[in-house]
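A.B. asks: Under numbering that gives the first Met the number 0, the sequence shown has 46 at position 47, and the numbering climbs by one with no breaks.
Glycine is no exception: its CB is placed at the ideal position from the N, C-alpha and C atoms.
Take a look at this one; I'll ask things after.
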Amino acid sequence: MTATLRHYDPPSISQRLRAAPTVTRSLLLDIIDHACRRFPSLGQSERTARIMRLVDAEAWADAALALLELELPLWQVRRIAYDEGEWHCALSRERELPDWLDAAVEARHADLALALLSAFIEVQALAVEISRPSVPIVRPAPDPFYEPVGCEHFS
Numbered sequence: 000m001t002a003t004l005r006h007y008d009p010p011s012i013s014q015r016l017r018a019a020p021t022v023t024r025s026l027l028l029d030i031i032d033h034a035c036r037r038f039p040s041l042g043q044s045e046r047t048a049r050i051m052r053l054v055d056a057e058a059w060a061d062a063a064l065a066l067l068e069l070e071l072p073l074w075q076v077r078r079i080a081y082d083e084g085e086w087h088c089a090l091s092r093e094r095e096l097p098d099w100l101d102a103a104v105e106a107r108h109a110d111l112a113l114a115l116l117s118a119f120i121e122v123q124a125l126a127v128e129i130s131r132p133s134v135p136i137v138r139p140a141p142d143p144f145y146e147p148v149g150c151e152h153f154s
């Protein structure tokens with residue numbers, strides 16, 4: 000597990016996003032510091048510079064979309080809708096599938112950028128959970144009373 004993932008706490012970031020009325024520079028930089036693995040890589044300097052320009056211009060929705068593109072290349076925005084005072088955002092790996100077959104990750108918030116970032120954090124939390132092995136890495140010590148027995152009779 001990388002150092003970034005050790006400090007990554009999806010529930011606390013999700014709670015901060017839900018409680019925030021709008022995106023701030025410090026909130027977005029905190030998300031980049033704690034939830035982004037590809038952002039600091041050397042080969043992505045052009046993309047990271049673009050995201051930082053968007054942050055400096057306070058173009059929060061564009062910065063969130065650029066962050067999604069950089070950090071989650073296999074995921075796409077499936078749906079963005081505004082209904083009853085809230086933005087609903089759905090991210091999907093299989094955008095061409097019908098809604099009832101797709102396992103999209105959905106988030107909602109009164110602010111568009113926060114809805115996008117909430118969906119981003121949900122996908123990142125899902126990726127952290129999936130990356131854990133389902134079986135133990137170290138085999139348990141054998142039982143001291145266990146002794147293999149030959150069952151076949153060769154007479």
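Assuming ARG15 contacts LEU26 (C-beta within less than 8 angstroms), just tell me the rounded distance between them.
C.D. replies: Sure, about 7 angstroms apart at Cβ, within 8 angstroms.
A.B. asks: Considering only C-alpha positions, which residue in the set TRP86, ALA118 and LEU113 is nearest to ARG24?
C.D. replies: LEU113
A.B. asks: Give every residue of the same chain whose Cβ lies closer than 8 angstroms to the Cβ of ALA109, excluding the five residues on either side of it in the sequence, and list them in chain order.
C.D. replies: PRO20, GLY84, GLU85 and TRP86
A.B. asks: State the start and end residues of the unbroken alpha helix (DSSP H) segment that holds ARG46.
C.D. replies: 44–55
A.B. asks: Pull the bridge partners of GLN14 from the DSSP assignment, please.
C.D. replies: GLN14 is not bridged to any residue.
A.B. asks: Which partner residues of CYS88 appear in the DSSP bridge assignment?
C.D. replies: ILE79 and ALA106
A.B. asks: For THR1, count the other beta carbons within 10 Å of its own beta carbon; 16 or more makes it buried, fewer makes it exposed. Which is it?
C.D. replies: The predicted position of THR1 is uncertain, since its pLDDT is 41 and thus under 50; a value taken from the coordinates is nonetheless stated next. Burial call: exposed.
A.B. asks: State the start and end residues of the unbroken alpha helix (DSSP H) segment that holds HIS33.
C.D. replies: 24–34
A.B. asks: Measuring straight from C-alpha to C-alpha, what distance separates ALA18 and PRO143?
C.D. replies: 54 angstroms
A.B. asks: State buried or exposed for VAL148, treating a residue as buried only when at least 16 other CB atoms are found within 10 Å of its CB.
C.D. replies: exposed
A.B. asks: Is it right to say SER91 is buried, meaning 16 or more other beta carbons lie within 10 angstroms of its own, or is it exposed?
C.D. replies: buried
A.B. asks: Please classify ASP101: does DSSP put it in a helix, a strand, or coil?
C.D. replies: coil
A.B. asks: Might you give, ordered along the chain, the residues of its own chain that have their beta carbon closer than 7 angstroms to the beta carbon of HIS6, omitting 5 neighbours on each side?
C.D. replies: Note that HIS6 has pLDDT 49, beneath the 50 cutoff, so the model's placement of it is unreliable and no number is given.
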